[in-house]
Amino acid sequence: MASSLHCSIASINDDGTPHVTPIGSLLVTGPSTGVYFDVFASRLSRNVDRDPNVTILAVNSSSWFWLKMFVRGRFIEYPGVRLIGTIGPRRESTQRERERFEARVRLLRRLRGYDALWNDVGHVRDIEFTALNYVRIGRATRHLAG
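In my numbering, the protein residues as written are 178 to 323.
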């Protein structure tokens, strides 16, 4: 998860269709818990207020990781994970949560895009993960256990 620039959270619209939202602010807080900063994702917020069940997809987005796979013909570790769980109600973020997130994006702080995306990280939603499934990609991951 640390090498993923963002993750995608799939929720269910009120008409039953899936909705996928990119999130760049997911923090894992424990073995089966996490938070994400509830900013911009208004449809995701409405969806999880109605139905808290979600699937989160995080893929290793490191170019080096993928280049090594193409050279070797296989991955040395799974390229991503699917986290299945439930999202709680919106709440104020703690100082510790803000500090952890700001440490993660510290190098971007002086750039204009930082304020556009992360000027207000005052609210989070807790996530409880109930299952973890590795992303498998045919022969490239067949040799991996787990």
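All residues carry an ideal CB built from backbone N, CA and C; glycine is no exception.
Asked, Found
"Residue 162 by DSSP, collapsed to three states: which one?", "Given that the chain is displayed from residue 178 to residue 323, the structure contains no residue 162 and the question cannot be resolved."
"When you compare the region 241–252 with the region 191–209, are there three or more beta-carbon pairs, one atom per stretch, that lie closer than 8 Å?", "no"
"Pick out whichever of 313, 319, 269, 318 has its Cα sitting closest to the Cα of residue 234.", "313"
"How big is the Cα-Cα spacing for residue 178 and residue 237?", "With a pLDDT of only 49 at residue 178, under the threshold of 50, the placement of this residue in the model should not be trusted; the figure read from the coordinates follows. Cα to Cα, the separation comes out at about 7 Å."
"Among 306, 193, 311, 279, which residue has its Cα nearest to the Cα of residue 211?", "306"
"Quick check on DSSP: helix, strand or coil for residue 315?", "helix"
"Tell me residue 322's beta-bridge partners as DSSP assigns them.", "Its beta-bridge partners do not exist; DSSP assigns none."
"With a threshold of 7 Å (Cβ to nearest heavy atom), would residue 254 be considered close to the ligand SAH?", "As presented, the structure is devoid of all ligands, the ligand SAH included, so that no description of it is given."
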